[in-house]
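Peer 1: Can you keep this structure in mind? I'll have questions shortly.
Take a look at the structure:
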């Protein structure tokens, strides 16, 4: 049933949030291309309270990044590659 599926999804997300280590920063290069952060494959070493604070700080950081991103919308005459990069970053920030 749909309710059971949502219950499983919430439990899986909870366990993942409790035990997953924070993401590594995205790679830095000379190109302005947007890169997603790298997800670690190990468990966190933080206690649950520190993990919660880490998640709250990350949510605030992403919300701030999204607000800043939306302050500089794509220009209509912008190259399609740059418009695609803008769209990819916005999609990532909203999804996160």
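Numbering (the numbering used here), first residue to last: 78 to 173.
Note that the Cβ used here is the ideal one computed from N, Cα and C, for glycine as well.
Note that the coordinates shown come from a computational prediction; the quantities given were computed from them, not determined experimentally.
1) Any contact of the segment 111-124 with the segment 133-147, i.e. 3+ C-beta pairs under 8 Å?
2) Measuring CA to CA, which of 161, 130, 133 and 167 is closest to residue 148?
3) Can you tell me whether residue 78 is helix, strand or coil according to DSSP?
4) State the Cα-Cα distance for the pair residue 157 and residue 100, rounded to the nearest angstrom.
5) What's the C-alpha gap between residue 91 and residue 171?
6) Residues bridged to residue 120 by DSSP?
7) CB-CB under 8 Å to residue 82, same chain, minus the five flanking residues each way: which ones, in chain order?
8) Skipping 5 residues on each side, what residues in its chain have a beta carbon closer than 7 Å to that of residue 162?
Peer 2: With the given structure in hand:
1) Segment contact: the segment 111-124 against the segment 133-147, fewer than three CB-CB distances shorter than 8 Å; contact not assigned.
2) Position 71 of the chain shown, counted from the first residue, corresponds to residue 148. The shortest C-alpha separation from residue 148 is found at 167.
3) Residue mapping note: residue 78 aligns to position 1 of the chain shown, counting from 1. Three-state result, residue 78: coil.
4) Indexing the chain shown from 1 puts residue 157 at position 80. Indexing the chain shown from 1 puts residue 100 at position 23. Residue 157 and residue 100: Cα-Cα distance of roughly 29 Å.
5) As a position in the chain shown, residue 91 is number 14, starting the count at 1. As a position in the chain shown, residue 171 is number 94, starting the count at 1. Answer to the nearest angstrom: the Cα atoms are 19 Å apart.
6) By 1-based counting over the chain shown, the position of residue 120 is 43. DSSP, once it has assigned bridges, lists 97 as partnering residue 120.
7) As a working mapping, residue 82 is identified with position 5 in the chain shown. Taking residue 82 as the centre and dropping the five residues before and after it, the same chain places no C-beta closer than 8 Å to its C-beta.
8) Mapped onto the chain shown, residue 162 falls at position 85. Within the same chain, residue 162 has close Cβ partners 110 and 111.
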